[in-house]
Ligand code: GLC
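Numbering (UniProt numbering), first residue to last: 1 to 598.
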């Protein structure tokens with residue numbers, strides 16, 4: 001163990017911020033026992049541990065899973081929670097701070113009042129890496145406001161089948177889009193490498209092939225040759241490494257039948273060896289459990305995952321058992337100490353780079369950034385840029401403000417929860433007024449102007465020939481991960497179909513706005529719609545949709561995925577020889593009508 005020799009600063013070397021990080025890491029590592037090192041590799045869910053556990057077990061990390069929020073769910077309570085856990089970490093013998101991780105995947109959307117940006121599929125439609133970098137920077141400021149320094153984002157999965165419940169977390173079906181939008185990392189981290197807040201450590205996820213599983217089955221099997229896997233799914237991670245992502249998360253899926261969580265070739269030989277990744281590799285939620293198909297993790301699976309190259313283990317509930325099992329594996333010589341030390345070097349390096357030893361507690365000067373007007377204006381701009389006009393047969397768009405009668409219908413017209421989608425306040429998200437924002441209806445009312453008559457009825461009741469236009473905002477209820485997988489039909493649900501039929505019956509021009517995380521099977525209904533706009537999952541700033549509908553912003557969005565003519569075609573991707581309803585890259589341009597977005 002390291003001696004008590006102090007530096008000129010009068011502190012132990014690892015505590016001297018003037019020393020190079022590598023020196024501080026080696027000094028600290030030399031002072032750590034096996035319990036310290038195994039604790040550093042353990043990430044527990046906040047609901048499954050308390051401050052005493054963090055101290056007693058020397059935990060290296062704590063996370064909030066989707067929707068795991070303090071009560072009350074307000075920014076100050078998040079910062080208090082973070083500081084409490086961090087103070088507990090500082091009470092350990094070596095005082096090593098924790099890394100706290102959260103899924104701020106479209107803004108810090110677990111937090112009520114945070115700015116919720118469009119989900120990645122909409123950002124892919126913008127084709128604007130600069131905009132996505134700005135969103136990363138704004139998200140970092142809001143995450144830093146709660147003290148947190150690690151974001152499990154961006155998802156760089158390449159979605160190859162929209163049946164996948166995580167389609168909306170992908171920037172697109174060709175690796176060119178996720179690779180371009182890895183610019184998010186630069187925004188989030190503040191530059192080519194992670195640093196002190198408001199820099200927040202990025203996580204390129206999920207390595208490798210999460211979006212390519214057979215049938216779009218989340219956590220399923222990606223059956224590709226190595227050449228195909230590298231060509232289709234690796235480019236976004238090459239870009240993420242080039243941009244300096246601090247961490248990479250392993251995919252829960254398998255490659256040709258082998259779970260990636262136990263895949264030494266992919267994690268160690270390719271990611272760390274061939275590609276030279278020096279950051280930390282984190283497992284996904286209970287990712288060790290099913291490496292060999294059994295329910296809970298075994299010693300064999302812990303050994304496989306750690307020896308495959310996983311450094312930090314997200315083992316939310318059974319983290320105590322994990323610590324015991326890993327200690328047994330190391331003591332028995334089945335996990336070499338060199339692997340434990342490599343993992344610790346990677347983890348400690350990030351903690352030193354983030355300045356956590358010098359400034360372990362939340363910097364509350366960032367609190368006002370949460371949900372601020374500037375971020376909401378950025379989100380509104382992103383929403384407008386993500387709208388894709390798929391059809392406008394009668395040249396209805398943009399709608400003219402002024403003395404017109406507009407009927408607005410559809411379950412998603414006046415519903416913040418629907419327009420935000422999953423990973424918002426709760427893991428799965430939910431309909432309803434779940435967080436402050438502007439609904440699409442609010443936006444239409446404002447854009448139509450004071451002389452317009454805007455009538456809202458979710459079911460479309462009251463439609464009659466006196467209306468100049470009807471706008472139906474329909475689509476998917478929120479979902480996340482495998483709960484959003486669609487192995488069967490992919491059409492609109494009965495309530496939406498009933499509303500649309502009611503609206504079509506009186507000859508009023510009909511504009512359909514589709515709020516969804518993916519293409520849906522709408523070819524049969526499309527002939528009855530005069531215009532169709534894919535709004536994706538826009539988040540809290542719904543007026544960005546109205547900006548395009550009324551011409552305050554141009555329509556420039558283009559499809560990031562192929563839109564199938566029928567679900568029976570799936571999978572259907574660009575260049576596969578099938579005839580889609582709308583091809584990858586499709587989007588009708590609409591000039592701005594000279595309006596101003598504020
Ligand atoms: C989930 C997701 C992953 C997320 C993690 C923590 O299962 O697969 O994307 O970062 O668990 O919430």
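Virtual Cβ for every residue (Gly too), placed ideally from N, Cα, C.
- Here residue 159 has 167, 170, 173 and 211 as same chain residues with Cβ atoms under 6 Å from its own Cβ, once five neighbours each way along the sequence are excluded.
- For residue 188, the shortest C-beta to heavy atom distance toward the ligand GLC is 7 Å or greater.
- Inside the stretch 536–577, DSSP marks whole alpha helix (DSSP H) runs of 4 or more residues at positions 543–549, from first to last along the chain.
- By the CB criterion at 8 Å, residue 540 and residue 436 fall inside the cutoff.
- Look at residue 208 here: in three-state DSSP terms it is coil, with no helix or strand label.
- Taking the Cβ atoms as the reference, residue 350 lies roughly 54 Å from residue 395, outside the contact range of under 8 Å.
- Judged by DSSP secondary structure, residue 45 falls within the beta strand (DSSP E) whose first and last residues are 42–45.
- If you draw a straight line from the Cα of residue 230 to the Cα of residue 127, it is about 23 Å long.
- A contact is defined here as three or more CB-CB pairs under 8 Å, and the stretch 220–239 fails this definition with respect to the stretch 381–388.
- Under DSSP, residue 151 takes part in a beta bridge, and its partners are 102.
- Collapsing the DSSP output to three states places residue 582 in a strand.
- Nearest to residue 64 by alpha-carbon distance, out of 581, 78 and 511, is 78.
- For residue 456, no alpha helix (DSSP H) segment is defined; the enclosing uninterrupted segment is the beta strand (DSSP E) at 453–456.
- Comparing C-alpha distances from residue 117 to each of 551, 275, 419 and 207 shows the shortest one belongs to 419.
- Judged by their CB atoms, residue 367 and residue 528 are not nearer to each other than the 8 Å cut-off.
- Rounded to the nearest angstrom, the Cβ distance from residue 165 to residue 537 is 13 Å, too far for a contact under 8 Å.
- Following the DSSP letters along the chain, one finds residue 405 in no alpha helix (DSSP H) but inside the beta strand (DSSP E) bounded by residues 405–409.
- Set against 7 Å, the gap from the CB of residue 201 to the closest heavy atom of the ligand GLC is not smaller.
- For residue 475, the number of other beta carbons within 10 angstroms of its own is at least 16, and it is reported as buried.
- Of the other Cβ atoms in all chains shown, fewer than 16 fall within 10 Å of the Cβ of residue 34; this residue is therefore exposed.
- The C-beta separation of residue 458 from residue 411 comes to about 6 Å, placing the pair in contact by the 8 Å criterion.
- Distance from the CA of residue 516 to the CA of residue 557, rounded to the nearest whole angstrom, comes to 15 Å.
- In terms of side-chain proximity, the C-beta atom of residue 582 is found no nearer than 7 Å to any non-hydrogen atom of the ligand GLC.
- Going by DSSP, residue 590 is part of no alpha helix (DSSP H) at all; its letter is neither H nor E.
- Note on the stretch 450–529: whole alpha helix (DSSP H) runs with a minimum of 4 residues are 494–504, in chain order.
- Taken from the Cβ of residue 152, at least one heavy atom of the ligand GLC lies inside 7 Å.
- Taking one beta carbon from each stretch, the stretch 246–261 and the stretch 201–210 have 3 or more pairs nearer than 8 Å; the two touch.
- Annotated three-state conformation of residue 365 is helix, per DSSP.
- Every beta strand (DSSP E) of 3 residues or more that sits fully in the stretch 373–444 is shown, in chain order, as 388–392 and 405–409.
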